[in-house]
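*Asks:* Numbering (the working numbering), first residue to last: 1 to 306.
From the three backbone atoms N, C-alpha and C, an ideal C-beta is built for every residue, glycine too.
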Ligand code: 13P
Ligand code: SF4
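1. Going by other Cβ atoms of all chains shown within 10 Å of its Cβ, with 16 needed for buried, is residue 172 buried or exposed?
2. Using the Cα positions of residue 164 and residue 17, report the straight-line distance between them to the nearest angstrom.
3. Look up residue 232 in the DSSP assignment and give the residues it is bridged to.
4. Whose CB is closer than 7 Å to a heavy atom of the ligand SF4? List the residues in chain order.
5. Taking the Cβ atom as the reference point for each residue, do residue 225 and residue 249 lie within a distance shorter than 8 Å?
6. Sorted by chain position, which residues of the same chain lie with C-beta nearer than 8 Å to residue 187's C-beta, five sequence neighbours on each side aside?
7. What is the rounded straight-line gap between the Cα of residue 117 and the Cα of residue 223?
8. Just how far apart, CA to CA, sit residue 28 and residue 47?
9. Is residue 2 buried or exposed, if buried means 16 or more other CB atoms sit within 10 Å of its CB?
10. Any idea what DSSP makes of residue 185, helix, strand or coil?
11. Work out the CA separation of residue 24 and residue 245 for me, nearest whole Å.
12. Who are the Cβ neighbours of residue 32 in its own chain at under 6 Å, not counting the five residues just before and after it?
13. Using 8 Å as the cut-off, can you tell me whether the segment 53-73 makes contact with the segment 290-302, which would need three or more C-beta pairs spanning the two stretches below that distance?
14. For the alpha helix (DSSP H) that contains residue 222, what are its first and last residues?
15. What does the alpha-carbon distance come out to for the pair residue 59 and residue 162?
16. Rounded to a whole number of angstroms, what is the C-alpha to C-alpha distance between residue 303 and residue 263?
17. Quickly, what does DSSP pair residue 284 with across the bridge? List them, please.
18. Throw me the rounded Cβ distance for the residue 299 and residue 129 pair, which I believe falls under 8 Å.
19. Answer yes or no: do residue 269 and residue 62 have a C-beta to C-beta separation smaller than 8 Å?
20. Apart from the five residues just before and just after residue 306, which ones in its own chain have a Cβ nearer than 6 Å to its Cβ?
21. What whole-angstrom Cβ distance do residue 235 and residue 256 have, given they're in contact under 8 Å?
22. Can you round the beta-carbon distance between residue 258 and residue 181 to whole angstroms, since I take them to be within the 8 Å contact cut?
23. Residue 198 by DSSP, collapsed to three states: which one?
24. Three or more C-beta pairs closer than 8 Å, one from the segment 139-148 and one from the segment 77-93: is that the case here?
25. Is the Cβ-Cβ distance between residue 217 and residue 74 less than 8 Å?
26. To test your reading of the DSSP string, which unbroken alpha helix (DSSP H) runs of 4 or more residues are found completely within the segment 124-177?
27. Which residues bound the beta strand (DSSP E) around residue 34?
28. Return helix, strand or coil for residue 63, following the three-state DSSP convention.
29. Go through its chain and collect everything with a Cβ distance to residue 52's Cβ below 6 Å, but skip five positions before and after it.
30. Does the distance between the C-beta of residue 278 and the nearest non-hydrogen atom of the ligand 13P fall short of 7 Å?
31. Taking all protein chains shown into account, do 16 or more other C-beta atoms lie within 10 angstroms of the C-beta of residue 167, making it buried, or fewer, making it exposed?
32. Would a C-beta distance cut-off of 8 Å place residue 9 and residue 271 closer than the cut-off?
33. Can you give the Cα-Cα distance for residue 227 and residue 288, rounded to whole angstroms?
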């Protein structure tokens, strides 16, 4: 995007944001210019905590649909706006409430843990949620020997099993963006940058995770890179994270594990759509009260464990 247009739109957004008493929340995978206009940028966990605690009247959520739904669940009295209503999460769509109800009947004693990347309808069927930052702690907080059904990310599920030793039934879902990364991609990046530490998101396949120097959520990767004595890092997550990494650690070097690590849905939000969303306060995301009441239990239980 042209720098002049970015500056003009940024100025208009900042002015309108004040008039609307709005807060702009953005995920680390968002376009750089969208992250730069946000009041708060974070991983899924930090964004849900912010959404739960803000005193703004309007939340403009620069992320994907399930994130805006979580904001609506946790802050039901606020107006929640998702600048592009088609910004969904294909992984979240890999499980729906009816499929989950059937699975629950097969293992009625199981505690159902859902990745936060799920719809509100699915959350309403679950006992506790987790994000990639607290998934291990959430599962470890459940009583030993308790059967667990984990939805929908089988890769994150494998990672939790490897860390907790728990026996979990895993749903057959995954994030296509992360799941496409292969060990061959990672080994090639390692060959090109032999001194770099490898940071891997747990949405990647287990064999890729096994090669990592650090497995972490997006926020975890940023803290690790900033605090580490190392100066070079290979990044195995969506490439939007390069923007905060470079901003926060300007003297360090970051290399993508693959140029295919792009989430098309996270890129749907543009600065222009953020501006339009502030003008019209549309498209709104509002979780119906009946679903919200049930879905909020599993999100609030998660926030207690953090
Ligand atoms: P985190 O930022 O919580 O690590 O989530 C990654 C992701 O894929 C969000 O959709
Ligand atoms: Fe969903 Fe993957 Fe995109 Fe995150 S990166 S929003 S998990 S498709």
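*Replies:* Checking against the coordinates, here is how it stands:
1. Only exposed fits residue 172, as fewer than 16 other CB atoms lie within 10 angstroms of its CB.
2. Going by C-alpha positions, residue 164 is about 44 Å away from residue 17.
3. Residue pairing for residue 232: DSSP places it in a beta bridge opposite 253.
4. Listed by chain position, these are 29, 64, 89, 90, 91, 92, 117, 175, 176, 177, 178, 203, 238, 263, 265, 266.
5. The answer is yes: Cβ separation under 8 Å.
6. Once the five neighbours on either side are set aside, the close Cβ partners of residue 187 are 211.
7. When only Cα atoms are considered, residue 117 and residue 223 end up about 22 Å apart.
8. Residue 28 and residue 47 have their C-alpha atoms spaced approximately 10 Å apart.
9. That one is exposed.
10. DSSP places residue 185 in helix when its eight states are reduced to three.
11. Distance between the alpha carbons of residue 245 and residue 24: 20 Å.
12. Once the five neighbours on either side are set aside, the close Cβ partners of residue 32 are 243.
13. These segments touch.
14. Note, residue 222: alpha helix (DSSP H), 218-227.
15. The alpha-carbon of residue 59 is positioned some 37 Å away from that of residue 162.
16. About 26 Å.
17. DSSP, once it has assigned bridges, lists 81 as partnering residue 284.
18. Their Cβ separation, rounded to whole angstroms, is 5 Å, which keeps residue 299 and residue 129 in contact under 8 Å.
19. Yes.
20. Non-local C-beta neighbours of residue 306 in its own chain, meaning closer than 6 Å and more than five positions away in sequence, comprise 134, ordered along the chain.
21. Indeed they touch by this definition, with Cβ atoms about 6 Å apart.
22. Residue 258 to residue 181, Cβ: 5 Å. Contact.
23. Shown here, residue 198 sits in a strand according to DSSP, grouped into three states.
24. The segment 139-148 is not in contact with the segment 77-93.
25. Residue 74 is positioned such that its CB atom lies no closer than 8 Å to that of residue 217.
26. As summarised for the segment 124-177, the continuous alpha helix (DSSP H) elements at least 4 residues long and confined to that stretch are 135-140, 154-164, given in chain order.
27. In this chain, residue 34 is not harboured by any beta strand (DSSP E); it is covered by the alpha helix (DSSP H) spanning 32-37.
28. Shown here, residue 63 sits in coil according to DSSP, grouped into three states, outside any helix or strand.
29. Short of 6 Å from the beta carbon of residue 52, and not among the five residues preceding or following it, lie these beta carbons of its own chain, in chain order: 74.
30. Answer for residue 278: no, Cβ out of range of the ligand 13P.
31. Flag for residue 167 reads exposed.
32. Going by C-beta atoms, residue 9 is nearer than 8 Å to residue 271.
33. Cα to Cα, the separation comes out at about 42 Å.
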